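In this note's numbering, the protein residues as written are 36 to 297. For every residue, glycine included, the Cβ atom is placed at its ideal position computed from N, Cα and C. Note that this is a predicted model, so its numbers are computed, not measured.
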Amino acid sequence: MNYQNIIQQTENEVLTITINRPDKLNALNTQTISELNHILSTNRNNNDVRAVVITGSGQKAFVAGADISEFADFNAEQGKMLSKNGQQLLFDYVENYPKPVIAAINGFALGGGFELALSCHIRVASDNAKMGFPEVTLGVIPGYGGTQRLAQLAGKGKAFELILTADMVKADEALHLGLLNAVVPQAELLNKVNEIIEKIKSKSPVAIAHAIIAINANYKDGVDGYATEIEEFGKCFESDDFKEGTQAFIEKRKPIFKGKMI
Ligand code: COA
């Protein structure tokens with residue numbers, strides 16, 4: 036696929052995806068969503084990629100929302116399909132991705148941009164970042180999982196407040212609310228993200244993939260998270276990574292994980 040709206044780079048086993056529509060503050064149109072899905076699907080089973088970073092181009096915006104110009108004249112059915120397809124192709128896809136996905140929030144994360152960040156496993160923001168859900172100002176609601184994931188991370192009360200008032204929160208407040216894992220000056224954003232990734236890279240990719248499934252299970256309707264944890268815990272025992280990790284401990288050396296999925 037010839038990407039129009041994203042830039043990809045793989046270095047040191049980290050795939051960095053930059054959403055690149057700076058003149059539109061990296062707004063997510065359907066083309067960008069399908070490009071993001073494509074690059075993620077292409078690398079899903081790529082053992083040379085251990086983690087993914089998603090960021091926005093420029094210093095002003097991570098993503099300023101879904102592209103308003105694209106849906107301004109949609110009817111109810113088209114609106115529903117926009118939400119459904121987007122959730123499947125990108126937001127749920129990111130949340131359930133077997134490798135860690137980290138949002139490097141380099142500025143405005145609004146609407147769909149905030150939802151994309153909330154779908155990622157870890158969020159690091161620059162201190163100029165602002166996030167929020169302006170949707171009710173447009174006469175609509177968050178449709179890419181925002182009503183669910185904001186409440187999961189910040190609680191129902193704060194989700195009501197932020198979605199109903201459309202107030203934006205600054206990075207330091209978002210950190211305080213549990214929406215972010217870290218806040219750093221903009222020039223240090225990717226260094227901080229890489230610091231976290233380096234720690235993850237020294238661990239078992241197989242165990243990490245199982246941990247992602249188990250953690251997410253708590254937030255899926257009709258799924259027993261504890262039962263999922265038992266299943267995923269058990270599966271780890273079949274992996275070469277488990278044998279290597281335990282053997283390395285006994286031999287008092289660092290493990291060398293191959294990350295071979297079962
Ligand atoms: N969809 C489509 N285009 C968008 C966009 C979006 N979500 N967000 C920004 N843009 C475009 C603007 O239309 C403008 O394009 P133009 O130069 O062709 O007119 C360009 O990006 C720059 O944005 P601008 O509004 O001029 O920048 P600003 O610094 O004055 O304001 C924001 C920045 C983020 C506050 C403002 O762009 C904004 O409110 N964006 C919409 C946020 C939103 O409602 N998102 C939720 C969508 S569901």
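- With a contact defined as Cβ atoms closer than 8 Å, residue 129 and residue 228 miss out at about 15 Å.
- Judged by DSSP in its simplified three-state form, residue 205 adopts strand.
- The three-state secondary structure of residue 239, taken from DSSP, is coil.
- Shortest Cα-Cα distance from residue 143 to any of 92, 42, 111 involves 92.
- Under DSSP, residue 161 forms a beta bridge with 219.
- Residue 239 and residue 112 have their C-alpha atoms roughly 44 Å apart.
- Only exposed fits residue 76, as fewer than 16 other CB atoms lie within 10 angstroms of its CB.
- At a cut-off of 7 Å, the beta-carbon of residue 249 does not count as near the ligand COA: no heavy atom of the ligand is closer than that.
- Taken in chain order, the complete alpha helix (DSSP H) segments of 4 residues or longer contained in the segment 64 to 99 are 65 to 78.
- Less than 8 Å divides the Cβ of residue 173 from the Cβ of residue 103.
- In this structure the segment 54 to 66 lies against the segment 147 to 158, because at least three pairs of beta carbons, one per stretch, are closer than 8 Å.
- Of the candidates 135, 86, 43, 135 places its Cα closest to the Cα of residue 246.
- Measuring C-alpha to C-alpha distances from residue 214 to each of 258, 177, 155 identifies 155 as the nearest.
- Rounded to whole angstroms, residue 59 and residue 99 show a C-alpha spacing of 8 Å.
- According to the DSSP secondary-structure assignment, residue 166 is paired through a beta bridge with 144, 204.
- Within the same chain, 60, 61, 142, 143 come within 6 Å of residue 96 by CB-CB distance, once the 5 residues on both sides are set aside.
- Look at residue 286 here: in three-state DSSP terms it is coil, with no helix or strand label.
- If you check the C-beta of residue 102 against the ligand COA, you find a heavy atom less than 7 Å away.
- The three-state reading of DSSP puts residue 171 in helix, counting H, G and I together.
- The three-state secondary structure of residue 39, taken from DSSP, is coil.
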